[in-house]
Amino acid sequence: MRGKCKSVVLILLSILILQAQFLTVFADSVIQDKTINVIPFSEEAQNDYASWKRQLGHNSGRMLASIESTKFSISNDFLEVAVDNSNEKGKFTIGTTGGDPDILTDNYNILLYGHPNPWSSFTTINIDGEYYIFEAASITQTEKEIIAEMAVGNILIQQVIKLAHNEVTNREDLVQISYNIINNGESEANVGVRIMLDTMLGSNDGAPFRLPGLGAVTTEKEFVGSQVPQFWQAFDDLENPSVIANGTVYKSIHEKPDKIQFVYWSDIYDTLWDYTIIPDQYVTRDSAVAIYYNPERVNPGSSINVSTYYGIGSLRSDSGDDVLSMNVAAPQKLELDPAGTNYFPNPFTITAYLYNQGIDTIDEAIISLDLPQGSGLNLLTDKDVSLTNLNPGEDRTVTWRVLADPQAEEKVVDYYITVTHETQYQIKHSIILPPTRDNDTSSITLNKTLLDMEVNDTEVLIATLTGISGRVTWLSSDPNVAIVDSTGRVTAIAPGSANITANAGGKTASCIVNVAGETPASLESISLSETSLSLYVNETKQLSVIYNPPNSVNKRIRSWTSSNSSIAVVANGRVTGKRTGTAIITAIAEDGGKLARCTVTVLERDVGLQNNSNINFSTVVTGPTLHFLGKDFELFSIPVGTEIKIADYIELKYDPDEQKYIGLFGDFEGVNSQDDLRFRQECYRSIRYLLNMMGQKTNREFYNAWLRLTKRGGPLVVEGDISVFGYVAFVENNGRLQLAEGELGVLSSAKTYINHPTAIPAIFFKYKITGDAQAGIKLVLKEAGNINAGLMPYGNLEGSLGLSAAVGADVFVANVYG
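The sequence shown maps to residues -16 to 801 in our numbering.
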């Protein structure tokens, strides 16, 4: 063994070179900032971008389809969906054909990246904690749908893709994405689904989003449980959209998922299930949406179904003046539930997007929704909404929730939205209520219809459902007076009256809440429990907010942000260190946008592993003999009698992706001293990959993997006759480091006639690492083997020389190995 360490060349180097070339090519043609990532319009630049993005997919270790592939497709006058039938069998993409008839700029545009060649969007099936990417074994197509099937043991998964009605546009311009999970076995299984969509609108692969009640979404966001929105929209440009997509998360309460994330594609693509958002990370570099349906028990012989919808979106352009413009997203026609006795969604939302296109700040604007009496439409939220301090170029969102009564005959209801600031204008809209059946006996009731409370009191309302299945959603007409959570718990905030409404299955019940007590004061300022904070990588500390005065009426924080999310991230005041450095954590209050800041310094833990383990072995390995021209040629003979000692001290670095402390060691230099996280991650993956190959694959496959890893410019360069490499991974448990896994491999190499940059392994030893960080680690031999068998493609080569025999044995050997 060489006395000094040797060098490691990581995959990262090639990635960085590729990215540098990419950025150079696009220096003048790609707009890359916080709001947009537009693919250049030149064909050459677009091809380079596609190649660069696919390289990111290759680096994840997954096989990707060729650019062109065979596929199934269905389309109409508005949009098209394509399902791959080759390498990416079952994956799908979506694009427009004629698009929205009212928008001339969205014809034949992309809605999911890669259309019409799928690869970057995929679905994960979670079966009893094991994750499987949906890859169809068979695909069939009818006139209206494409059905792809995949089986995992006795669990059959059917992916059904078809065109669906869009209540926002009143056209068939949505794609329904469904998964039927069927248990054909004899035991129960817990099955979940994650649908990840790589959104791209037109030429913008970093398409931003808008959500009802929240507005523009340009950084990573997550919504769980009752917070999951029913709709979302994506745009090629928020301010001047030419392509708009609509995501209908669910149409009925039975389709509602457990979680939805709006994320950066490059990060979530490397995950199969769990993904932790970084609240300050911009999605506008490359946006994606992930929809989660948590594992649900599927009994033998039974099935479950999940569905979501994605397609063409529409904003009715209702700009009333040159200062404050308005666009409205609302259903044009309600749909009936399967029984035909009610509508879904019901309640539904009407959302207005306001944008200050003037040059001055709008101090106040009143946005009002007017529903005619006797129309069958009942407003569940305040009619008038006040917007204050709307700066030039800023947009705001106003959302109303409306409940529709069942109708005996089809009814068209006209309603009005009025905008009042320096001037006033009114916009008319219409909605169609189709006739329902009159045999609906379902109802929802509350245990109380009146609550008298004091400020800070809490009460729990209980909803009783009759003939209705699904979840109950709760709503307060005035959150400044009383708020209600997803369980019906009401909290009194300030004196006044509010109406608490429970909704399920299109039915509603309400309770009037009267709050008495001291009137809270207006918020003057906020501060944080710490103005400066130190924590280690992977350590989490909680910041709390102090409100001044303490009896302020609105004690809610609008947002938490970090000035550098690669150093520290924050969620609801919980700050977690990611890597060494300094970041500023900022809390912004809902009331008046009051600010408070804390300086966070993230430190590296001095974590290391003392080690005194030696490896001793002694053996002789003789390679295959080549019989040629009446003589035996011994290709190699290795006397192995070596004492190998790995590093006395192994430095452990925390890897946030693995959530482990990783230590690397071996016959190469730079691993334990390299601070760059990506360097260490790639090295760790390379070592694990090679160790997994040892003894698990045929010798020929191992040999090919070794050549790929040790080729010139490859990730692992090793020289000498004996190579040692390995890793340890620890997790933190109650302040102690607990060994999670660890392996060490020893390769001894042959002297051959081959002109190859590194020696070729001929024998291996693989050790499992046991012990702990406090008492030291030990090595246990798992397996050993002779790797030379299988290197020669013909086994016993006598009589198999062919034309190469004329040029001699040495040349022949070089040909065989080379």
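Backbone N, C-alpha and C define an ideal beta-carbon position, used for all residues, glycine too.
Put Asn167 into one of helix, strand or coil per three-state DSSP. Asn167: coil per DSSP, three-state reduction.
Return the CA-CA distance between Ser493 and Ala335, expressed in angstroms with no decimal places. Spanning the two alpha carbons is a distance of roughly 26 Å.
Which residues bound the beta strand (DSSP E) around Ser56? Its beta strand (DSSP E) spans residues Lys54 to Ser58.
Take the Cβ of Gln159 as the centre, count every other Cβ of all protein chains shown within 10 Å, and call the residue buried at 16 or more, exposed below. It is buried - the Cβ of Gln159 has at least 16 other Cβ atoms within 10 Å.
Selected residue, minimal CA-CA separation from Ala499, among Val464, Thr491, Ala313 and Ser517: Answer by Cα proximity: Val464.
Could you pull the start and end residues of the alpha helix (DSSP H) that Ser493 belongs to? First-last for Ser493: Lys490 to Ala499, but that is the beta strand (DSSP E), not the alpha helix (DSSP H).
May I ask you to report which of helix, strand or coil DSSP gives Leu516? Strand.
Report yes or no: do three or more beta-carbon pairs, one from the segment 529 to 543 and one from the segment 196 to 210, lie closer than 8 Å? Verdict: no, contact absent.
Between Pro240 and Gly294, what straight-line distance do the alpha-carbon atoms span, to the nearest angstrom? Going from the Cα of Pro240 to the Cα of Gly294 covers about 18 Å.
Reduced DSSP category for Gly82 - H, G, I as helix; E, B as strand; rest coil: In the structure shown, Gly82 sits in coil (DSSP, three-state: anything other than H, G, I, E or B).
Suppose you measure from the CA of Gln213 to the CA of Pro533; what does that come to, to the nearest Å? Their Cα atoms are separated by approximately 36 Å.
Taking the alpha helix (DSSP H) that Asp250 belongs to, which residues open and close that run? Element bounds for Asp250: Trp248 to Ile251.
Using CA atoms only, rank isn't needed, just tell me which of Thr291, Gly296, Ala487 and Val306 is closest to Gly450. Per the Cα distances, Ala487.
Which of the three DSSP states is assigned to Met677 in this structure? DSSP, reduced to helix, strand and coil, places Met677 outside both helices and strands of the structure shown, so it counts as coil.
For the segment 388 to 404 against the segment 321 to 340, are there 3 or more C-beta pairs whose distance is under 8 Å? Touching, yes, given that three or more Cβ pairs across the two stretches are closer than 8 Å.
Please report the Cβ distance between Arg472 and Thr428, rounded to the nearest whole angstrom; I am assuming they are in contact, meaning their Cβ atoms lie under 8 Å. Thr428 and Arg472 do not touch by the CB rule: their CB atoms are close to 18 Å apart, not below 8 Å.
Cβ atoms of Ala485 and Thr456: under 9 Å apart, would you say? In contact: Thr456 and Ala485 (Cβ atoms closer than 9 Å).
Which residues mark the beginning and the end of the beta strand (DSSP E) in which Phe331 is found? Per DSSP, Phe331 belongs to the beta strand (DSSP E) from Phe331 to Asn339.
Sort Ile670, Leu360 and Val714 by Cα distance to Val729 and report the nearest one. Measuring from the Cα of Val729, the nearest candidate turns out to be Ile670.
Report whether the distance from the Cβ of Glu522 to the nearest heavy atom of the ligand FMN is below 8 Å. Absent from the structure shown: the ligand FMN. Ligands present: none.
If contacts are defined as beta-carbon pairs under 8 Å, then Val66 and Ile122 qualify, I think. What distance do you get, rounded to the angstrom? Val66 to Ile122, Cβ: 6 Å. Contact.
Identify, in the order they occur along the chain, each residue of the same chain with its Cβ nearer than 8 Å to the Cβ of Ile243, setting aside the five sequence neighbours on each side. Cβ neighbours of Ile243 within its own chain (closer than 8 Å, five residues either side excluded): Glu205, Phe206, Val211, Pro212, Trp215, Val232, Val272, Ala273, Ile274 and Tyr275.
By alpha-carbon positions, which one of Lys636, Gln340 and Ile568 ends up nearest to Leu511? Out of Lys636, Gln340 and Ile568, Ile568 has the C-alpha closest to the C-alpha of Leu511.
Using the beta-carbon count (16 or more within 10 Å), is Pro418 buried or exposed? Exposed, since its Cβ has fewer than 16 Cβ neighbours within 10 Å.
Same chain, Cβ closer than 7 Å to Gly284, neighbours up to 5 away in sequence not counted: Close CB contacts of Gly284 within its chain, under the 7 Å cut and outside five residues either way in sequence, are with Asn166 (chain order).
Phe61 - partner residues in DSSP beta bridges: Looking at the DSSP assignment, Phe61 forms no beta bridge with any residue, so it has no partner.
Using the beta-carbon count (16 or more within 10 Å), is Leu87 buried or exposed? Leu87 comes out exposed.
Evaluate contact between the segment 367 to 378 and the segment 334 to 353, counting only Cβ atoms and requiring at least three cross-stretch pairs below 8 Å. Three or more Cβ pairs closer than 8 Å define a contact, and the segment 367 to 378 meets that threshold against the segment 334 to 353.
Separation of Ser186 from Ser103, as counted between CA atoms: About 16 Å.
Sequence-distant residues of its chain with Cβ nearer than 8 Å to Ile466 (five each side left out): Beyond the five residues adjoining it in sequence on each side, Ile466 comes within less than 8 Å, by CB distance, of Ser459, Val473, Thr474 and Ile476 in the same chain, given in chain order.
6 Å CB neighbourhood of Ile261 in its chain, flanking five on each side removed: The answer, listed in chain order, is Glu203, Ser548 and Val552.
For Gly564, report the span of its beta strand (DSSP E) as first-last. Per DSSP, Gly564 belongs to the beta strand (DSSP E) from Gly564 to Ala572.
In terms of alpha-carbon separation, which member of Ser425, Val443, Arg454 and Lys636 lies closest to Thr432? Nearest of Ser425, Val443, Arg454 and Lys636 to Thr432, Cα basis: Val443.
Arg454 - DSSP class collapsed to helix/strand/coil: Three-state result, Arg454: coil.
What's the C-alpha gap between Val558 and Ile746? Going by the C-alpha atoms only, they are around 49 Å apart.
Are there 16 or more other CB atoms within 10 angstroms of the CB of Tyr252, so buried, or fewer, so exposed? So Tyr252 ends up on the buried side.
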